[in-house]
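Trainee: Residue numbers (the numbering used here): 3 to 320. The C-beta atom is built at its ideal place from N, Cα and C for all residues, glycine as well. Just so you know, these numbers come straight off a predicted model, no measurement behind them. One structure is given below, represented as structure tokens, and several questions about it will come after.
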Amino acid sequence: MSKYLGGRIIQGVLLLVIVSTLTFLVIHAAPGGPAMLADPDLSREEVASLKEMLGLDAPIHVQYYKWASNVLTGKLGRSYSYGVPVITLLLERLPNTLLLSGSALLLSSLLAIPLGIWAALRRGSTIDHLAVSLSIGGVAVPVFWLGIMLIIVFAVTLRWFPTGGIGTLGAEFSVFDLLHHLALPAFVLSTPTTAQLARYTRSSVINTLSEDYVRTARAKGVLESRVIIWHVFRNSLIPIITVLGTLVPRLVGGAAITEAIFTWPGVGRLAVEAAFERDYPIIMGVTLFICTVVIVANILVDICYALIDPRVVVGNHR
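Right under this line is the structure:
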């Protein structure tokens with residue numbers, strides 16, 4: 003088990019190095035520079051002085067070496083726009099993104115898994131067709147369009163929910179107010195995830211229902227509820243966990259659009275603002291964060307594999 007996880011961790015670290023290197027090269031190869039350098043009021047001497055102060059006048063390999071050295075010591079640089087350390091900005095915005103993504107993941111799991119199982123058990127029925135149609139619609143509808151439509155209907159017209167933000171301005175913090183602001187963005191972010199998870203759950207359960215051990219359990223007179231829970235659902239978990247492992251990074255990384263629409267102060271919105279300002283340190287910090295989330299999610303999936311089916315570990319060492 004330790005060798006299995008050790009190999010996965012080494013692969014993750016190598017992937018992190020490759021992604022960070024490529025991202026650094028692509029960002030710095032783009033024409034232009036930070037938004038502050040485009041100020042028409044700045045003279046050439048002032049622009050040159052700013053570049054020297056920011057370290058942008060050095061060769062690209064020197065800039066990367068300095069940046070990588072700082073990362074190894076826990077420093078992600080200082081934001082050009084905000085003038086504060088990037089790690090400070092990430093730590094301020096991270097709880098908001100985790101709250102939004104975690105709520106969306108919880109909502110997706112509570113809706114998609116029972117729906118997928120229900121549709122698989124009634125394959126070919128009206129419920130099954132309805133579940134498949136909803137899943138296709140959930141994947142096809144653009145998140146930004148759905149978010150705007152929900153704001154127009156439920157926030158502007160009906161005034162059931164706020165148009166955006168994480169809390170009411172000037173009001174004291176309350177859990178109800180937080181949930182009130184969280185409802186729409188969490189639903190929007192969870193929509194494509196719910197659709198995909200429901201489809202994979204349905205497919206996995208259908209495949210498991212055709213296995214010999216399920217027919218044998220039913221032939222022995224085992225209660226149908228026990229067959230579904232202990233034989234069907236348990237053996238359908240590996241594909242479901244695989245999908246969850248790929249959807250978690252999408253939720254965190256894909257939250258940028260949802261956060262921008264609902265003005266949710268998270269890491270995704272910070273990345274969008276940094277892209278417009280060409281704030282290189284923030285972009286690199288967010289990239290490292292998203293890449294780390296992907297790697298950690300995959301390692302957790304591998305751990306779940308090993309716990310559910312120990313043969314996975316044995317097979318990887320043959």
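Is L211 closer than 8 Å to V177 when the C-beta atoms are compared?
Mentor: As a position in the sequence shown, residue 177 is number 175, starting the count at 1. As a position in the sequence shown, residue 211 is number 209, starting the count at 1. No, the pair does not count as a contact, with Cβ atoms beyond the cut-off.
Trainee: Just curious, the alpha helix (DSSP H) that P116 is in, first and last residue?
Mentor: Taking the sequence shown and counting its residues from 1, one reaches residue 116 at position 114. Element bounds for P116: 88 to 123.
Trainee: Could you check whether I263 and F146 sit closer than 8 Å to each other, using their CB atoms as the reference points?
Mentor: By 1-based counting over the sequence shown, the position of residue 146 is 144. By 1-based counting over the sequence shown, the position of residue 263 is 261. The answer is yes: Cβ separation under 8 Å.
Trainee: At least one CB of chain C closer than 8 Å to the CB of L302: is that the case?
Mentor: The structure shown has no chain C; it contains just one protein chain.
Trainee: Could you give the C-beta distance for S22 and T289, rounded to a whole number, given that I count them as a contact under 8 Å?
Mentor: As a first step, residue 22 is located in the sequence shown; it is residue number 20 there, counting from the start. As a first step, residue 289 is located in the sequence shown; it is residue number 287 there, counting from the start. Confirmed, about 7 Å.
Trainee: Count the other CB atoms within 10 Å of the CB of V316; is the residue buried (16 or more) or exposed (fewer)?
Mentor: Within the sequence shown, numbered from 1, the residue matching residue 316 stands at position 314. Reliability of the predicted coordinates at V316 is poor, the pLDDT of 46 falling under 50, and the value obtained from them is presented with this limitation in mind. With fewer than 16 other Cβ atoms within 10 Å, it is exposed.
Trainee: Could you pull out every residue in the same chain whose Cβ sits closer than 6 Å to the Cβ of S238, ignoring the five residues on either side in sequence?
Mentor: Residue numbering aside, residue 238 sits at position 236 when the sequence shown is read from its first letter. Only S206, V207, T210 meet the Cβ criterion.
Trainee: Here's the rule: buried if 16 or more other CB atoms are within 10 angstroms of the residue's CB, otherwise exposed. What is H131?
Mentor: As a position in the sequence shown, residue 131 is number 129, starting the count at 1. So H131 ends up on the exposed side.
Trainee: By DSSP's criteria, R80 is part of a beta bridge. Which residues make up the other side?
Mentor: Walking along the sequence shown from the start, residue 80 turns up at place 78. Answer by DSSP bridge pairing, in chain order: P87.
Trainee: Within 8 Å, do at least three Cβ pairs link the stretch 272 to 281 to the stretch 109 to 127?
Mentor: Contact fails: fewer than three Cβ-Cβ distances are below 8 Å.
Trainee: What's the C-alpha gap between S192 and V250?
Mentor: For the purposes of this step, residue 192 is identified with residue 190 of the sequence shown, where counting begins at 1. For the purposes of this step, residue 250 is identified with residue 248 of the sequence shown, where counting begins at 1. Rounded to whole angstroms, S192 to V250 spans 11 Å at the Cα level.
Trainee: Going along the chain, which unbroken runs of the alpha helix (DSSP H) with 4 or more residues stay wholly within the stretch 249 to 294?
Mentor: Segments of the alpha helix (DSSP H) lying fully in the stretch 249 to 294: 257 to 263, 269 to 279.
Trainee: Does the pairing of the stretch 67 to 85 with the stretch 280 to 289 give three or more beta-carbon distances under 8 Å?
Mentor: Yes: the two stretches touch, three or more of their Cβ pairs being nearer than 8 Å.
Trainee: Does DSSP put W69 in a helix, a strand or coil?
Mentor: Here residue 69 is taken as the residue at index 67 of the sequence shown, counted from 1. It is helical.
Trainee: Apart from the five residues on each side of it in sequence, which residues of its chain come closer than 8 Å, Cβ to Cβ, to G149?
Mentor: Locating residue 149 in the sequence shown gives position 147, counting from the first residue. The residues are L186, P187, V190, I259, T260, I263, F264.
Trainee: Using the three-state DSSP reduction, which class does T170 fall into: helix, strand or coil?
Mentor: For the purposes of this step, residue 170 is taken as residue 168 along the sequence shown, with counting starting at 1. Of the three classes helix, strand and coil, the one that applies to T170 here is coil, per DSSP.
Trainee: Give the DSSP-derived three-state secondary structure of G223 in the structure shown.
Mentor: Residue mapping note: residue 223 aligns to position 221 of the sequence shown, counting from 1. In this structure, G223 counts as coil in the three-state DSSP scheme.
Trainee: Span of the alpha helix (DSSP H) holding D130?
Mentor: Within the sequence shown, residue 130 is the residue found at index 128, counting from 1. Segment 128 to 142, the alpha helix (DSSP H) holding D130.
Trainee: Suppose you measure from the CA of N321 to the CA of S103; what does that come to, to the nearest Å?
Mentor: Limits of the chain in this structure are 3 at one end and 320 at the other, which puts residue 321 out of reach.
Trainee: Taking three-plus beta-carbon pairs below 8 Å as touching, is the stretch 105 to 119 in contact with the stretch 192 to 202?
Mentor: Output reads yes: the stretch 192 to 202 touches the stretch 105 to 119.
Trainee: Assign S51 to one of two classes, buried (16 or more other C-beta atoms within 10 Å of its C-beta) or exposed (fewer than that).
Mentor: Taking the first residue of the sequence shown as 1, we reach residue 51 at position 49. Answer is exposed; the Cβ neighbour count stays below 16.
Trainee: Do L180 and G169 count as a contact pair if the criterion is CB distance below 8 Å?
Mentor: One-based indexing of the sequence shown puts residue 169 at position 167. One-based indexing of the sequence shown puts residue 180 at position 178. Yes. Within cutoff.
Trainee: Would you identify the three-state DSSP class for T193, choosing helix, strand or coil?
Mentor: Start at 1 with the first residue of the sequence shown, and residue 193 comes out as number 191. In this structure, T193 counts as helix in the three-state DSSP scheme.
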